[in-house]
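In full-length UniProt numbering, the protein residues as written are 29 to 260. C-beta: ideal position from N, C-alpha, C; glycine also. Just so you know, these numbers come straight off a predicted model, no measurement behind them.
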Ligand code: GLN
């Protein structure tokens, strides 16, 4: 598709640090599955994007207030969110797992959390999952705005565990984060691009058309392989 001045520019929110979906690389440039996919779809469908890395919850708020036209942030399609968002065709799947420090041999399951503190990111399915089982397992919850601070809280020992998306924890651990996953995925969900419910419908249509086309050309698989098979 050739680019021209008449192309519409959309303001798109994303998370700050959520590799392999989005993260700033060594040159302080945002890369990742979401970034590459969004850029490829925009190019394929002839529109422009202005990417705004903000916290996950910040992006949700900004989409809902109309400051952003949409968001791509490893975002889970949940029944609650369907009340305020319209989602694209899903482009991946995720589930919430619990991770602890690699040096921690005491916390092996949810039942070991009694009286302890765990860390989650504000507004995520990991936070929702923790809240849903908090009473049953008797732990306290510390919340942070981004995943790196969640992991840091576990590594420093303030929290004994964290709940976050499995592909993200796996990627981080593969890249050297000193955590280990100790549970099977819970709260599995599709991952999709989202807009405020009832708005920017043409953008969702373009996203879906672009995604379908990139799957046909093999570019979608190339992007997934690039990040999911990344070695340290
Ligand atoms: N998939 C999770 C959710 O939608 C986490 C997303 C994120 O932290 N960027 O809540």
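Open item on the list: For the ligand GLN, I want to know if residue 243 counts as a neighbour, meaning its beta carbon is within less than 8 Å of at least one of the ligand's heavy atoms.
Closed with: no
Task: Assumed close pair residue 102, residue 62 - CB separation to whole angstroms, cut-off 8 Å - done: 7 Å
TODO: Verify whether the separation of the beta carbon atoms of residue 196 and residue 141 is less than 9 Å.
DONE: no
- [ ] Quick one: give me the first and last residue of the beta strand (DSSP E) that residue 77 is part of.
- [x] 76 to 81
Task: Of the residues 185, 82, 64, 207, the one placed nearest residue 119, counting alpha carbons only - done: 64
Open item on the list: Assuming contact is defined by CB atoms lying nearer than 9 Å, are residue 111 and residue 173 in contact in what I supplied?
Closed with: No. Outside cutoff.
Task: Environment of residue 73 [buried if 16+ CB atoms lie within 10 Å] - done: Classification of residue 73: buried, given that the 10 Å Cβ count is 16 or more.
TODO: Grab me the residues of residue 220's own chain with a C-beta within less than 6 Å of its C-beta, minus the 5 sequence neighbours each way, in chain order.
DONE: 105, 115, 116, 118
Open item on the list: Please report the distance separating the alpha-carbon of residue 24 from that of residue 132.
Closed with: An answer regarding residue 24 cannot be provided, because it is not within the stretch 29 to 260 covered by the chain.
Task: Cβ separation of residue 123 and residue 213, assumed to be a contact under 8 Å, to the nearest whole Å - done: 3 Å
TODO: From the DSSP output, in three-state form, read off residue 258 for me.
DONE: coil
TODO: Using a threshold of 9 Å, state whether the C-beta atoms of residue 58 and residue 42 are closer than that.
DONE: yes
TODO: Would you decide whether residue 29 is buried or exposed? Buried here means 16 or more other CB atoms lie within 10 Å of its CB.
DONE: Residue placement at residue 29 is flagged as unreliable, the pLDDT there being 46, under the threshold of 50; a coordinate-derived value is accordingly withheld.
Open item on the list: Output needed for residue 53: all residues of its chain with C-beta closer than 7 Å, excluding positions within five of it in sequence on either side, in chain order.
Closed with: 59
Open item on the list: I'd like the list of long-range same chain contacts for residue 241, defined as Cβ closer than 6 Å, with 5 residues on each side in sequence excluded.
Closed with: In chain order, 72 place their CB closer than 6 Å to the CB of residue 241, counting only its own chain and leaving out the 5 sequence neighbours on each side.
Task: Sequence ranges, alpha helix (DSSP H) only - wholly within the segment 105 to 181, length at least 4 - done: 153 to 165
Open item on the list: If I follow the unbroken beta strand (DSSP E) through residue 238, where does it start and stop?
Closed with: Segment 229 to 245 is the alpha helix (DSSP H) holding residue 238; no beta strand (DSSP E) there.
Task: One or two residues paired with residue 192 in a DSSP bridge - done: 125
Task: residue 252 beta carbon less than 9 Å from that of residue 191 - done: No; because the gap between Cβ atoms is not below 9 Å, this pair is not in contact.
Task: Touch test, the segment 197 to 205 against the segment 43 to 52, Cβ-Cβ under 8 Å, three pairs minimum - done: yes
TODO: Could you have a look at residue 316 and say whether DSSP puts it in helix, strand or coil?
DONE: In the structure displayed, the chain extends from 29 to 260; residue 316 sits before or after that span and is not available.
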